[in-house]
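Numbering (our numbering), first residue to last: 300 to 550. Ideal Cβ positions, reconstructed from N, Cα and C, are used throughout, including at glycine. Read through the structure below, which is laid out as structure tokens, and then see the notes.
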């Protein structure tokens, strides 16, 4: 396949992008989830904060989502949506009002139910603790992903290809825990990663129209980055910033 024939050239460009990112030359290093209350990294409060909004991070502006999450956390009247036990005691209208107040949820019915289901999963099976969930699988990314993918209904939207991998990446950055098998976190193929992949010749513009393009991109980057200094998720942020700023930096 053409992308493998051009692997050396692609890797050279990837290395350039990573260097530019580390030098702050890709339009800044502030990511959406940097809008957070800076809680103790290994606390349950911190882990649930980075989990529940993540499931609503589809087809929307990520910066606005996380800004809304922070406002919701800071407001004493809405902060309790981050407590799974409390959420399960709320009626649907109350939960919807709290989640839509600052627009964490944009849909008043569907998205609060996604939030509730995740709270139910963590509360009933892990005492409301994301940490206990990770501990059950010994902080092994491979086992965590397997469980979630085998129980998709219990992890609505968090089990999606893009969100699952990006959530796990954020957890490696924000939780303070050392996860095993980090290489199992594939590149989170959001819109910016897809566009950057096309720009680098990993997929064609025609392929971008395919319904399974996220799977295609994940598999190709896994092959390209095999036996290199990179794990797939390492390229996400450089690609995200490069695309978001219109590819103004040439590589």
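Measuring CB to CB, does residue i end up less than 7 Å from residue j?
i	j	result
residue 350	residue 429	yes
residue 397	residue 380	yes
residue 339	residue 523	no
residue 354	residue 467	no
residue 323	residue 540	no
residue 542	residue 494	yes
residue 357	residue 331	no
residue 433	residue 425	no
How is residue i classed by DSSP in three states: helix, strand or coil?
i	result
residue 390	coil
residue 437	coil
residue 385	helix
residue 406	coil
residue 318	helix
residue 377	coil
residue 457	coil
residue 367	helix
residue 471	helix
residue 359	coil
residue 330	coil
residue 464	helix
residue 526	coil
residue 339	coil
residue 344	helix
residue 417	helix
So, for residue i: in the same chain, excluding its five sequence neighbours on each side, which residues have a beta-carbon less than 8 Å away from its beta-carbon?
i	result
residue 394	380, 386, 411, 414 and 415
residue 517	460, 464, 485, 486, 488 and 531
residue 336	348, 369, 372 and 373
residue 561	What is shown of the chain runs 300 to 550, which leaves residue 561 out entirely.
residue 477	438
residue 404	355, 395, 398, 410, 411 and 414
residue 526	none
Under 6 Å: does the beta carbon of residue i sit that close to some heavy atom of the ligand ZN?
i	result
residue 499	The model depicted lacks the ligand ZN and carries no ligand whatsoever.
Short of 7 Å in beta carbon distance, which residues of its chain neighbour residue i, apart from the five on each side in sequence? Order them along the chain.
i	result
residue 506	512 and 515
residue 436	442, 443 and 446
residue 491	538, 539, 542 and 543
residue 346	429, 430 and 474
residue 560	Lying outside 300 to 550, the shown extent of the chain, residue 560 is not represented and no answer is given.
Could you pull out every residue in the same chain whose Cβ sits closer than 6 Å to the Cβ of residue i, ignoring the five residues on either side in sequence?
i	result
residue 550	312, 315 and 316
residue 383	418, 421, 422 and 427
residue 475	340 and 341
Inside the segment 479-523 only - beta strand (DSSP E) runs reaching at least 3 residues: none
The segment 430-446 touching the segment 476-484, judged by at least three CB pairs closer than 8 Å: yes
contact_flag[the segment 495-507, the segment 443-451] where n(CB pairs < 8 Å) is 3 or more: no
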